[in-house]
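J.: Okay, handing you the structure first.
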Amino acid sequence: MIKTEKRNKTGIVSLNHPEKLNALSQEMVHGLVASLESFKEDKMRVIIIRAEPNKSNVWSAGHYIPELPENNQDPLGFNDPLEVLLRAIQRYPGPVITQIHGSVWGGACDLIMTSDISIGDTTTTLAITPAKLGVPYNASGICHFIARLGINQAKEMFFTARPIDAVLAERWGVINHIVEEDQLEAYTMEMAEHIATLSPLAISVIKEQFRILSNSQALSADVFEKIEGLRTMVWESNDYHEGIKAFREKRKPEFKGE
Ligand code: LCV
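Here the working numbering runs 2 ahead of the position in the sequence shown, where the first position is 1.
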């Protein structure tokens, strides 16, 4: 489900499950986490996460919906494989660059927000979709969007669940650069190779400082418990089960707000 390659001091990992539009299944995510660990052992200084093209021009369709729990469990809990991957990206001791061709959905959009630098092309679109599925997004995920977007823009993405296109993504600063499709690989590789010539120690410590300082909003216990209580109410709702059932039955969901 993934392909890996080492070019000098850059580790490249490609999502490669075209049949399911690179949906982030547990198997694919475990492969991604394992590739980061092996790149770390090989002292790769920069990581590029890209996707092999597929018939629907989808970079990744996000969480693998059939794997979402339906037994009143938290669908995006701390140990959810995707959350493990997002933390591994934040803790990798070097820049993780996402190279985006095509559309990005749901949890994969959170992966983009969590990466250090994003380079897209004119086909790039980004959508965050919990409202489409009845999923109560999690606090760390919402923090990733607040860190990357104005709060009104982050709210628009969550409340409409509609894709934003490359022009808007660049204007809102979600994507660092949008280049022509045929420039994407070369542009991204050039930036990675340049970063790999700089001090890996300085860069890894600067990255860790960004992580610590940007995660520094302390949550009091009762605020944390209030958030968890609200999220429990949603993932125990009929709407949550309806969202997944509608996807499986390939039809639009009928949300009743209960
Ligand atoms: C499993 C899939 C998926 C998929 N999982 O091709 O952010 S949150 O909170 O919402 C979080 C919980 C999350 O990330 O949820 C997932 C969010 N993702 C989405 O909402 C995107 C769902 N997919 C789509 O809307 C369409 O597949 C797009 C528009 C991406 C592409 O449409 P297209 O008509 O080109 P198909 O829908 O025919 O999909 C091709 C195959 O990929 C599977 C889908 O079930 C189909 O498999 P089968 O041919 O076996 O039926 N697939 C697509 N997305 N997220 N499987």
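Backbone N, C-alpha and C define an ideal beta-carbon position, used for all residues, glycine too.
Regarding VAL137 and the ligand LCV, is the C-beta to nearest heavy atom distance less than 8 Å?
T.: Yes.
J.: Return yes when the C-beta of LYS22 is under 8 Å from any heavy atom of the ligand LCV, and no when it is not.
T.: Flag set: Cβ of LYS22 near the ligand LCV.
J.: By the three-class DSSP mapping on this structure, what secondary structure does ALA156 have?
T.: In the structure shown, ALA156 sits in a helix (DSSP, three-state: H, G or I).
J.: Taking only the alpha-carbon atoms, compute the straight-line gap between CYS145 and HIS65 and give it to the nearest angstrom.
T.: In a straight line, the C-alpha of CYS145 is about 18 Å away from that of HIS65.
J.: Does the beta-carbon of ASP167, which I'm using as the reference point, lie nearer than 8 Å to any heavy atom of the ligand LCV?
T.: No, Cβ of ASP167 sits at least 8 Å from all heavy atoms of the ligand LCV.
J.: Would you please state the rounded distance, in angstroms, between the beta carbons of ILE4 and SER58? I believe it to be under 8 Å.
T.: Contact flag wrong, Cβ pair sits at about 18 Å.
J.: Could you compute how far the alpha carbon of LEU34 sits from the alpha carbon of GLU260?
T.: Distance between the alpha carbons of LEU34 and GLU260: 36 Å.
J.: So, are the CB atoms of GLN101 and ILE51 less than 9 Å apart?
T.: In contact: GLN101 and ILE51 (Cβ atoms closer than 9 Å).
J.: Please tell me whether, using a cut-off of 8 Å, the distance from the CB of THR116 to the nearest non-hydrogen atom of the ligand LCV is below it.
T.: Incorrect: THR116 has no Cβ contact closer than 8 Å to the ligand LCV.
J.: Alpha carbon to alpha carbon, how far is GLN75 from VAL236? Give it in angstroms, no decimals.
T.: Going from the Cα of VAL236 to the Cα of GLN75 covers about 11 Å.
J.: Nearest by alpha-carbon distance to LYS228: which of ALA141, LEU26, THR12 is it?
T.: Minimum Cα distance to LYS228 is reached at ALA141.
J.: With a threshold of 8 Å, establish whether the CB of VAL60 neighbours any heavy atom of the ligand LCV.
T.: Yes, Cβ of VAL60 sits closer than 8 Å to a heavy atom of the ligand LCV.
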